[in-house]
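Engineer:
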Amino acid sequence: MADAQWQGRAGGRPAGAARRRLAAQALTVAALLLWLVPPAVPSAAAGPDRAPAAGGLLSSGPPAGDATARGSAFEETLGVTDANGLELSRQQQTLAPGAELTAVRRRETDAWLDIRQLSLDLGHDLSVDYLGPATVSERGTLSELTAAHAPGPGRATVAALNADFFDINVTEAPLAPGVRNGELVQSGSPGRHHAVGIDEDGTGRVLHILFEGKAETAAGDELPLSAYNSPVIPEDGIGVFTDGWGAADRALTVRGSPLVTEVLVEDGEVTSVSAKPDGEPLPEGVTALLGRDAGATALAGLAAGDRIDLAYTVRTDDGLPLPRTAVGGGELLVTDGQPHNWEGAPNNLAAPRTAVGFSRDGQRMFVLVVDGRQAHSGGVTLTRLAEMMRQLGAWEALNLDGGGSTTLLARDPGAETPRLVNSPSDGREREVPNGLAITAPTGSGDPAALTVRTVIDPARAATAEVLGGGRPERVFPGLTRALSAVGHDETFGPAPGAAGSTVWRTEGTAAGEVGADGVFTAGRPGTAEVRASSGSARGSLRLTVIGELARLTSTQRRIGLTGAGDTAWFGLLGHDATGTSAPVEPADVTLEYDRSLFAVRPEADSGGFVVTALADGFTSGRITARAGGVSTVLGAGIGLEETVVADFENAGDWRFSHSRAAGSLSPAPDGHQDTALRLSYDFSLSESARTARATPPAEIPVTGRPSAFALWVHGDGRGAWPALHLLDATGTSRVLRGPHIDHQGWRRIVFEVPDDIPQPVSVYRFYLTETRPPVRYRGEILIDELTALTPQEVELPEETGPAGPVFAEAAEVAGREWRFAVVSGAGLEAAAGPDGEAARTARAALAEIQSAGPEFVVVNGDWVAGGTAENLAFARELLTGELTVPWVYVPGDAEMHGGSLEGWEAEFGETRRVFDHRGTRFITLDTSTRSISGGGLEQWLELRSRLLDAARDENVGAVAVITHVPPRDTSVRDTGRLTDRMDALLLEHWLTGFRAATGKGVTCLGGHAGLFDAYLHSGVPYVLGGGLTGAPAASGEAGAVNGWTLFGVDRLSAADWLGVRRDPSRGGPDWLSAEIRPHPAAAAAAAAG
């Protein structure tokens, strides 16, 4: 080898360069990780270099380089490492003096986490109020409860959170105690006495709240009272109910008891005695005593007209007075500064969580909200939640209701009311029975500062990725961006006077100018600091002008409308030549469409457009959008087409599973249309939520973008709740609920698909749920003919994508300084022997590769048909027998055996490698689980360290990251990509940051997708390599052939890096070209065709 080191380079050629043009779809991603700060902990450098022996595996270890300013800048992108994982971003916001909200995104050992931390200095005149509806058994969303809450004169609500667990789907009442303004709202159910309380002086604590009482008859008998407006009366107990209980049937509080007595009392006199509650809400001034078992017997001795005195009290376990505000919770998380370990407990699963804790002196309150059950945040266990609360500073802490109830509202600076700031796992706010509201004093209303934002909300803006929001802080030259300036006073509350007196300006930049109306017009690529002022109040926003608008796309090429009055939304994304995207302002767009069919109006806060159908029937039309000299066309159809998703002719292959139930599946020949699926279930085994599931033999992909699914159900009238469980385009579970099965015989039920579900989707399973604790039964239903209701397809002109980056003619590759080859997907089987078709194809391809003169070869996964010891040994024998140049083998999913790479490691060694060649650093990742995170947190930390070292190393001019599974699949089927979309986002984010901070070349080389293609994302080329054998992923698409890839590489100089750093919009650096080499059998087939 000419060089002692293994090094190289990557990046896209300028658009004018001669190259092979594939129909590559330039996919860009709006960064999800928006909140980035410089990390405090540097990464360790990589180890020493070891040169590979010819014909063998490339070994790990590049030399360490000196730290540079470029490395430090890039370190900001990489986040901060700590003992528990990787902190990716942190954003802090003041809600009011003494109230700080921090949003944190993390990658830990087993999950992505999206966290909100609320720190409250209770000495800053912050008040914590009980938040709840008028009666105990009512519910409302946290936003509704907050809107109805009166914070008091001179005060404003700045935050709110959900609180207690509740008797869901039964009485809906909280399960633990609650105190509002020092008065008991409800007592705790049996075993539910933990609460968090805040005293009149603002001191917080975790405590037990205990209810005690007695009813004394005229005869002197004392009957103990055990509950107050509680959803569960203990065995042999007597509960007290007032009109504050609400409309829930009181009989549900004694469910399961054979002996019940209710006594109504008014003005100290018994007015009625009955063996069953009447089910009606109690009038004001009337109290109900409801007894069960021995308590019922005691009450049965009373008669109408008897005098009875009721007396009860509430005490705390610490002997201190009852707090002004208290809400109940579940498990203790921290006691005396020690976090609890809940390993082995039934509730210790990763889930969305809400927790509250206090400092040792009770003067600081900590709220922790962790999203869960979503692609961007998996949730945490109770044990991890306890650790996190202690790390925040909690001396004592309590777990509140989590799951779909976890909700947090917070006020933006200058806003009148708080808004939702977390992502509830149900996809929307769940109705809850109570919560806590944090209020603060209102201020003067005079502007103290301005918050400058784009009018387009990033969370709602058009984006090319299925996760995260858009990037309206980017603008194309010649286009505009509307801005707003919101004033806030010294308390971060509203300052309405700022709105009409804002002065806008930009200073000393050719990147653009802002008008008096707050509309910024972009000039040349660069950055512009836009400043706003109102009196002495100031604010600013940095905008980035990217490259010239080269292409326009719609967030969806086709939209469907059911009929007149139905609406749909679309946004417009612009792309420059580097694949960097930004939403296009509606004011910059001209639309052409049939105004007899549709009405289209802009939507300011999303930056998109709302389409309304004006006609019924079955028709369609086109909408043409033009901006900045480019255009795109989308189709709008009116009316729905129906296609069969599952006909259940394979009913015998479906699998049964359950939770707290029993049952079975079987084919039913008497279906609605031929064979149906019979689901027999037993919901008599528990009072907890029970589920009976039917899962197909494989996920069922659904074509198009259905707006609903329809299913024929032969009901049994038992009232079970049907659900269709989908997986969306991100792999996230989405559950569609249908109407309860209260009918008998055949009926068609419909499952509506929410507009915000990323499509395409696949059907994961169907199931029945029973959530009513008192109801136990067995039943049987038949299901048949699951169909998708999809808006009409509209024929659209083919839109030419950008020139495929990297791919070029053979002469260009040959003209580079040096070459390497990448091959994958041979599918070798030892049992087929050396003369098997796969082995013959692999030998022929390796011979061709050898003759092409590469300096090394990368075998990028799926080289074997399965990771057995025999197949792996056969693979090694073939590689060492055919290649005399160095090679490195990157494992793919086919290399796994029994869910493990142990056999592969025994044969080939490390699953991840790093080596340098001629100025390029090559970093291989293990994506055998079709994810990066499947390789553990260690893989992310290792990648971080290696990228940081490459940024600092003056001898490294470019980086090539090699993954068997690419971040994205550009084929029509879109299944050959990383299944964890957060993996794809973070990898792209890091590689984008590497290019921006260093100017060095960077690329990602993948396989698995079954075609040869490439796409650009923010100047970084991502290359997909097809397989050597097997059917290509998308017949007829460009690049859908079998073969291998030859890469040509140039060494980059420091001057090349500097040019990119100065102007990333110009593309490059130019250092890498690739040539698709169809293997001989594929070439012969193409020639014959």
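The sequence shown maps to residues 1490 to 2578 in this note's numbering.
Glycine residues also receive a C-beta, built at the ideal position from the N, C-alpha and C atoms.
Bear in mind the structure is a predicted one, so any value in this text is a computation, not a measurement.
#1: Just the C-alpha distance for H2497 and S2153, rounded to the nearest angstrom, thanks.
#2: With distance defined between alpha-carbon atoms, name the residue in G1709, G2325, K1765 and Q1580 nearest to N2360.
#3: For the beta strand (DSSP E) that contains R2540, what are its first and last residues?
#4: Return the first residue and the last residue of the alpha helix (DSSP H) that F1981 is part of.
#5: Look at G2049 and G2126 and say whether their C-beta atoms are less than 7 Å apart.
#6: So who's on the other strand from P1766, going by DSSP bridges?
#7: Hey, could you find the ends of the beta strand (DSSP E) A2011 is sitting in?
#8: For R2223, write down the residues that DSSP places opposite it in a beta bridge.
#9: Is it buried or exposed, N2579, if we count other Cβ atoms within 10 angstroms and call 16 or more buried?
#10: In whole angstroms, what separates the C-alpha of L2317 from that of A2364?
#11: If you draw a straight line from the C-alpha of A1515 to the C-alpha of S1973, how long is it?
#12: Tell me whether W2352 sits in a helix, a strand or coil according to DSSP, three-state version.
#13: In this structure, how does DSSP classify S1719 when only helix, strand and coil are distinguished?
#14: Which value, in whole angstroms, describes the spacing of the CA atoms of G1958 and T2016?
#15: Bridge partners of F1730, per DSSP?
#16: Can you tell me where the alpha helix (DSSP H) holding Q2045 begins and where it ends?
#17: Using the DSSP secondary-structure output, state which residues sit across from Y2504 in a beta bridge.
#18: Scan the segment 1617 to 1654 and note each continuous beta strand (DSSP E) run of 3 residues or more that stays entirely inside, going in chain order.
#19: Enumerate in chain order the residues of its own chain whose CB-to-CB distance from P2195 is below 7 Å, with the five nearest sequence positions on each side excluded.
#20: Does A2114 pass the burial test, meaning 16 or more other C-beta atoms within 10 Å, or should it be called exposed?
#21: Pull up the distance between the alpha-carbon of A1737 and that of A1662, whole angstroms please.
#22: Pull up the distance between the alpha-carbon of L2437 and that of S2422, whole angstroms please.
#23: Could you please give the first and the last residue of the uninterrupted alpha helix (DSSP H) stretch that includes M1878?
#24: Starting from D2273, follow its DSSP beta bridges and name the residues at the other end.
#25: Enumerate in chain order the residues of its own chain whose CB-to-CB distance from D1978 is below 6 Å, with the five nearest sequence positions on each side excluded.
#26: From F2198 to Q2248, what does the alpha carbon distance come to, in whole angstroms?
#27: Return the residue from the list G1587, A2321, V1721 and V1941 that minimises the CA-CA distance to V1659.
#28: Among residues of its own chain, excluding the 5 on either side of A1540, which ones have a beta-carbon nearer than 6 Å to its beta-carbon?
#29: At the level of alpha carbons, what is the spacing between G1641 and A1652?
#30: In the DSSP assignment, find the beta strand (DSSP E) that holds F1847 and state where it starts and stops.
#31: I need the DSSP call for H2592, collapsed to helix, strand or coil.
#32: How far does the beta strand (DSSP E) with V2491 in it reach, from first residue to last?
#33: By a C-beta neighbour count over all protein chains shown, 10 Å radius and 16 as the cutoff for buried, is Y2266 buried or exposed?
#34: Q2162 by DSSP, collapsed to three states: which one?
#35: Could you give the distance in angstroms between the alpha-carbon of F2098 and the alpha-carbon of R1694?
Structural biologist: Taking the definition as stated:
#1: What you label residue 2497 is simply residue 1008 of the sequence shown in a count that begins at 1. What you label residue 2153 is simply residue 664 of the sequence shown in a count that begins at 1. Between H2497 and S2153, the C-alpha separation is close to 37 Å.
#2: As a first step, residue 2360 is located in the sequence shown; it is residue number 871 there, counting from the start. Closest by alpha carbon: G2325.
#3: Residue 2540 sits at position 1051 when you count from the first residue of the sequence shown. Counting along the chain, R2540 falls outside any beta strand (DSSP E), and DSSP gives it neither H nor E.
#4: In the sequence shown, the residue the question calls residue 1981 occupies position 492. First-last for F1981: undefined, no H or E at that position.
#5: As a position in the sequence shown, residue 2049 is number 560, starting the count at 1. As a position in the sequence shown, residue 2126 is number 637, starting the count at 1. Yes, Cβ-Cβ distance for G2049 and G2126 is below 7 Å.
#6: Counting from one through the sequence shown, the residue named residue 1766 turns up at place 277. The partner list for P1766 (beta bridge, DSSP) is empty, contrary to what the question assumes.
#7: Mapped onto the sequence shown, residue 2011 falls at position 522. From DSSP, the beta strand (DSSP E) with A2011 extends over V2008 to A2011.
#8: Within the sequence shown, residue 2223 is the residue found at index 734, counting from 1. Looking at the DSSP assignment, R2223 forms a beta bridge with L2215.
#9: Because the chain in this structure spans residues 1490 to 2578, residue 2579 falls outside the shown range and cannot be described.
#10: As a position in the sequence shown, residue 2317 is number 828, starting the count at 1. As a position in the sequence shown, residue 2364 is number 875, starting the count at 1. So the two alpha carbons sit approximately 7 Å from each other.
#11: Translated into the one-based positions of the sequence shown, residue 1515 becomes position 26. Translated into the one-based positions of the sequence shown, residue 1973 becomes position 484. Confidence at A1515 is low in this model, with a pLDDT of 27, below 50, so the placement of that residue should be treated as unreliable; the coordinate-derived value is given next. Whole-angstrom Cα-Cα distance: 32 Å.
#12: In the sequence shown, the residue the question calls residue 2352 occupies position 863. Of the three classes helix, strand and coil, the one that applies to W2352 here is coil, per DSSP.
#13: On the sequence shown, residue 1719 is found 230 positions in, with the first residue counted as 1. Of the three classes helix, strand and coil, the one that applies to S1719 here is coil, per DSSP.
#14: Against the sequence shown, residue 1958 aligns to sequence position 469. Against the sequence shown, residue 2016 aligns to sequence position 527. G1958 and T2016: Cα-Cα distance of roughly 21 Å.
#15: Along the sequence shown, read from residue 1 onward, the residue named residue 1730 stands at position 241. DSSP lists A1777 as partners of F1730.
#16: Along the sequence shown, one-based indexing puts residue 2045 at 556. Per DSSP, Q2045 belongs to no alpha helix (DSSP H) and is neither H nor E.
#17: Locating residue 2504 in the sequence shown gives position 1015, counting from the first residue. Answer by DSSP bridge pairing, in chain order: Y2511.
#18: 1644 to 1651
#19: Start at 1 with the first residue of the sequence shown, and residue 2195 comes out as number 706. Answer for P2195: V2242, A2277, L2278 and T2279, listed in chain order.
#20: Within the sequence shown, the letter at position 625 stands for residue 2114. Flag for A2114 reads buried.
#21: Locating residue 1737 in the sequence shown gives position 248, counting from the first residue. Locating residue 1662 in the sequence shown gives position 173, counting from the first residue. Going from the Cα of A1737 to the Cα of A1662 covers about 9 Å.
#22: In the sequence shown, the residue the question calls residue 2437 occupies position 948. In the sequence shown, the residue the question calls residue 2422 occupies position 933. Near 19 Å, if we compare the C-alpha coordinates of S2422 and L2437.
#23: For the purposes of this step, residue 1878 is taken as the residue at position 389 of the sequence shown. Note, M1878: alpha helix (DSSP H), L1871 to L1881.
#24: The sequence position of residue 2273 within the sequence shown is 784, counting from 1. Beta-bridge pairing links D2273 to W2201.
#25: Residue mapping note: residue 1978 aligns to position 489 of the sequence shown, counting from 1. Taken in chain order, the residues that qualify are G1932, S1933, G1934, D1935, A1937 and A1984.
#26: Working through the sequence shown from its first residue, we reach residue 2198 at position 709. Working through the sequence shown from its first residue, we reach residue 2248 at position 759. About 14 Å.
#27: For the purposes of this step, residue 1659 is identified with residue 170 of the sequence shown, where counting begins at 1. It is V1721.
#28: In the sequence shown, residue 1540 corresponds to position 51, counting from 1. The predicted model places A1540 with a pLDDT of 29, which falls under 50 and marks its position as unreliable, so this point remains unresolved.
#29: Position 152 of the sequence shown holds residue 1641. Position 163 of the sequence shown holds residue 1652. Approximately 21 Å between the Cα atoms of the pair.
#30: Against the sequence shown, residue 1847 aligns to sequence position 358. Note, F1847: beta strand (DSSP E), R1842 to F1847.
#31: The displayed coordinates of the chain run from 1490 to 2578. Any statement about residue 2592 would go beyond what the structure contains.
#32: Here residue 2491 refers to the residue found at position 1002 when the sequence shown is read from its first residue. Where V2491 is concerned, the enclosing beta strand (DSSP E) stretches over G2490 to G2495.
#33: Along the sequence shown, read from residue 1 onward, the residue named residue 2266 stands at position 777. The residue in question, Y2266, is exposed, as its Cβ has fewer than 16 Cβ neighbours within 10 Å.
#34: As a first step, residue 2162 is located in the sequence shown; it is residue number 673 there, counting from the start. It is coil, neither helix nor strand.
#35: Position 609 of the sequence shown, counted from the first residue, corresponds to residue 2098. Position 205 of the sequence shown, counted from the first residue, corresponds to residue 1694. Answer to the nearest angstrom: the Cα atoms are 50 Å apart.
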